[in-house]
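The working numbering puts the first residue of the sequence shown at 1434, with every later residue one more than the last.
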Amino acid sequence: MTSAPTSLLEPVVLEGAHVRLEPLSADHVDGLAAAVAEGGLEQAWYTAVPTREGMADAVAQRLAWHAEGLRNPWVVRRLTDGRLVGATHFWAVDTANRRAEVGGTWLAASVQRSAVNSEAKLLLLGHAFEECDAIAVELRTHWHNRQSRAAIERLGAKLDGVLRSHQVGPGGVLRDTCVYSVLAHEWPAVRAGLRASLARRG
């Protein structure tokens, strides 16, 4: 007898060889504030990253969204030293249609382009498709966030399209949003690519 799929909103711990994704809690504020201060991530105009000073409010907001059934937040903990190095989410959970967006992701400068990001995506996508029976997982980013777009494309996600003038950003600047997705039948190939990337990084 097959067990029922896990809800995309259920807070669960996801652990690999390099990182552990832990359900977000108020206890993570100080660790996240220290991580976001590394490299001035909050200064990037094309992405929304909580500031060190605003981290407590950002965490409270994300916990409220989870309580409302909108999003499922995790922190990213590096296993080599136990430090928090970022955050990620199932950002737009659509339970009825078995879809979610991996979004609201930011990582400290020291772990960008490392095994941390690849394994975090492997854990999240694996959880969505293998435990939650998701049909599709989206990834969205700013048109001008070329680093993020390149990382998503290396992942194997396909570009569904660009939502032009999709959102009003800081200072009234309009954001064009690139929408990518991985479908359930594409997941085995994406998983193989992520595992190969992790193997190359040791």
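For each residue, glycine too, the CB sits at the ideal point set by N, CA and C.
According to DSSP, is residue i helix, strand or coil?
{"i": "E1571", "result": "strand"}
{"i": "E1552", "result": "helix"}
{"i": "L1512", "result": "coil"}
{"i": "V1518", "result": "strand"}
{"i": "V1492", "result": "helix"}
{"i": "A1404", "result": "This structure leaves residue 1404 out entirely; the chain is present only between 1434 and 1635."}
{"i": "E1534", "result": "strand"}
{"i": "M1434", "result": "With a pLDDT of 39 at M1434, under the threshold of 50, the modelled position of that residue is not reliable, and the figure given next carries that caveat. Note: M1434 maps to coil in three-state DSSP."}
{"i": "L1442", "result": "coil"}
{"i": "E1501", "result": "coil"}
{"i": "D1527", "result": "strand"}
{"i": "E1563", "result": "helix"}
Looking at the unbroken beta strand (DSSP E) that takes in residue i, where does it start and where does it end?
{"i": "D1609", "result": "L1607 to L1616"}
{"i": "S1598", "result": "K1591 to V1601"}
{"i": "E1455", "result": "V1452 to P1456"}
Can you tell me the Cα-Cα spacing of residue i and residue j, whole angstroms?
{"i": "R1531", "j": "R1573", "result": "17 Å"}
{"i": "L1512", "j": "R1634", "result": "15 Å"}
{"i": "W1498", "j": "P1456", "result": "13 Å"}
{"i": "A1533", "j": "R1504", "result": "9 Å"}
{"i": "V1615", "j": "A1569", "result": "6 Å"}
{"i": "V1445", "j": "V1462", "result": "19 Å"}
{"i": "V1612", "j": "G1537", "result": "14 Å"}
{"i": "R1516", "j": "L1454", "result": "12 Å"}
{"i": "E1448", "j": "D1514", "result": "15 Å"}
{"i": "V1526", "j": "S1440", "result": "10 Å"}
{"i": "E1632", "j": "R1495", "result": "Per the sequence shown, residue 1632 should be read as Ala rather than Glu. Roughly 33 Å separates the two Cα atoms."}
Pick from the options: whose alpha carbon is nearest that of residue i?
{"i": "E1552", "options": "V1492, R1628, V1615 and A1569", "result": "R1628"}
{"i": "A1437", "options": "V1615, E1564, S1543 and A1520", "result": "E1564"}
{"i": "T1610", "options": "L1616, H1575, W1620 and V1601", "result": "H1575"}
{"i": "T1521", "options": "A1625, L1556 and R1546", "result": "L1556"}
{"i": "E1586", "options": "G1626, P1603 and G1604", "result": "G1626"}
{"i": "A1584", "options": "R1546, G1559, V1615 and W1620", "result": "R1546"}
{"i": "G1594", "options": "V1492, V1452 and E1571", "result": "E1571"}
{"i": "A1666", "options": "G1502, V1606, V1549 and R1608", "result": "Look at the range of the chain in this structure, 1434 to 1635, and you will see that residue 1666 is not part of it."}
{"i": "V1518", "options": "G1605, G1589, A1466 and L1592", "result": "A1466"}
{"i": "H1577", "options": "S1440, F1523, A1590 and R1597", "result": "R1597"}
{"i": "G1604", "options": "V1469, D1460, A1481 and H1451", "result": "A1481"}
With residue i as the anchor, note down where its alpha helix (DSSP H) starts and where it stops.
{"i": "P1621", "result": "W1620 to R1634"}
{"i": "R1586", "result": "A small fix is needed here, since residue 1586 is Glu in this sequence, not Arg. Start and end: R1579 to L1588."}
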